[in-house]
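Reviewing the structure listed below.
If you want it as structure tokens, here you go:
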């Protein structure tokens with residue numbers, strides 16, 4: 001019952017914190033919680049350390065070891081994520097039955113939405129690559145190789161979870177020099193997930209567009225998919241639901257051209273030009289010069305008509 005009680009703020013700062021935890025119209029980038037199990041060392045420790053490096057500064061780390069079995073009872077993990085205000089989590093553990101175990105997942109409405117257990121078959125840490133690294137807080141470019149990512153629902157959810165893990169703030173445009181980091185994910189025939197990390201190098205090509213080269217900077221990991229727990233289709237659809245305020249409604253008779261200019265079409269009724277009042281309008285009155293020229297033209301026309309009549313007789 002303690003987890004379900006309604007929390008009322010007692011201070012202004014507490015009210016501000018609770019308001020920040022409420023659903024927002026435009027959500028910020030998600031933070032990730034790193035939790036150690038009863039036994040956590042070796043490749044698991046290195047992998048979690050490198051994931052923290054890639055995810056910085058949106059990380060929260062708990063250094064105390066926790067006796068948690070997420071697939072049997074996820075309530076403790078849900079409590080820790082709610083307490084630390086994180087929507088993603090990584091749980092590292094190792095045992096005789098499941099050595100070098102990494103568990104990644106996400107939370108929706110303070111409950112586990114998706115959870116994937118990955119076994120580390122081979123791992124190379126960032127420190128093992130003796131080359132120049134990229135700066136921190138760099139938004140990576142994610143590449144999912146092959147059609148196998150769309151074959152099963154579990155792989156589709158795992159791909160979506162990887163996107164949630166490494167997604168940062170949304171940007172409308174980006175310059176070519178701003179793309180520095182690539183994370184590549186590949187599914188093999190034996191259902192292993194290969195993760196590779198590359199630095200993008202822009203070389204001279206003699207043209208306007210530079211030549212692209214990739215240099216591996218780590219981490220490099222081969223994961224085997226062990227246990228999975230995915231949400232039902234209805235719950236997953238509910239978690240992806242967008243508020244009405246953010247939905248783009250199409251407006252009639254308004255279009256945008258290739259240059260981004262907005263064009264509108266206006267429909268008018270039938271114009272009754274015969275009944276329009278045109279007399280006694282200053283804008284349509286003739287000036288004295290125009291009146292004199294009209295009188296002169298009439299006189300000339302009358303003289304010409306009289307001359308033609310006399311010639312005809």
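In full-length UniProt numbering, the protein residues as written are 1 to 313.
Cβ coordinates follow ideal geometry from the N, Cα and C atoms, glycine included.
Of the choices 289, 124 and 138, whose alpha-carbon is the least far from that of residue 174? The shortest CA-to-CA distance from residue 174 to any of 289, 124 and 138 is the one to 138.
Report yes or no: do three or more beta-carbon pairs, one from the region 250 to 266 and one from the region 102 to 109, lie closer than 8 Å? Three or more Cβ pairs closer than 8 Å define a contact, and the region 250 to 266 falls short of that threshold against the region 102 to 109.
C-alpha distance - residue 69 paired with residue 210, whole-angstrom precision: Their Cα atoms are separated by approximately 50 Å.
Give the C-beta separation of residue 88 and residue 36 to the nearest angstrom, bearing in mind that I take them to be a contact with Cβ-Cβ under 8 Å. Incorrect: roughly 16 Å between the Cβ atoms, too far for contact.
For residue 243, I'd like the list of residues in its chain whose CB is within less than 7 Å of its CB, leaving aside the five on either flank, ordered along the chain. Around residue 243: 25.
Do you know how far the Cα of residue 185 is from the Cα of residue 98? One C-alpha to the other measures close to 23 Å.
With a floor of 4 residues, list each alpha helix (DSSP H) that falls wholly inside the region 138 to 189, ordered by position along the chain. List check, alpha helix (DSSP H) in window: 153 to 166.
Limits of the alpha helix (DSSP H) - the one that residue 234 falls within: Taken as a continuous stretch (DSSP letters only), the alpha helix (DSSP H) holding residue 234 covers 233 to 239.
Inter-residue spacing [alpha-carbon to alpha-carbon] between residue 136 and residue 55: Residue 136 and residue 55: Cα-Cα distance of roughly 9 Å.
State yes or no: is the C-beta of residue 116 within less than 9 Å of the C-beta of residue 11? No, they are not a contact pair.
Looking at the structure shown, is residue 12 part of a helix, part of a strand, or coil, going by DSSP? DSSP places residue 12 in helix when its eight states are reduced to three.
Residues that residue 59 bridges to, as DSSP identifies them: According to DSSP, which records beta bridges pairwise, residue 59 is partnered with 32.
Within the continuous alpha helix (DSSP H) that includes residue 201, where are the two ends? Residue 201 -> not in any alpha helix (DSSP H); beta strand (DSSP E) instead, spanning 192 to 203.
Residues in its own chain within less than 7 Å of residue 32 by CB, not counting five upstream and five downstream? Contacts found: 55, 58, 59, 86, 88, 89, 90 and 165.
Per-residue DSSP class, three states only, for residue 76: Here residue 76 sits in helix by DSSP.
With H, G and I counted as helix, E and B as strand and the rest as coil, what does DSSP make of residue 95? Residue state, collapsed to three classes: coil.
Roughly how many whole angstroms lie between the Cα atoms of residue 311 and residue 295? Separation of residue 311 and residue 295 (C-alpha to C-alpha, rounded to the nearest whole angstrom) is 25 Å.
Look up residue 224 in the DSSP assignment and give the residues it is bridged to. Under DSSP, residue 224 forms a beta bridge with 119 and 192.
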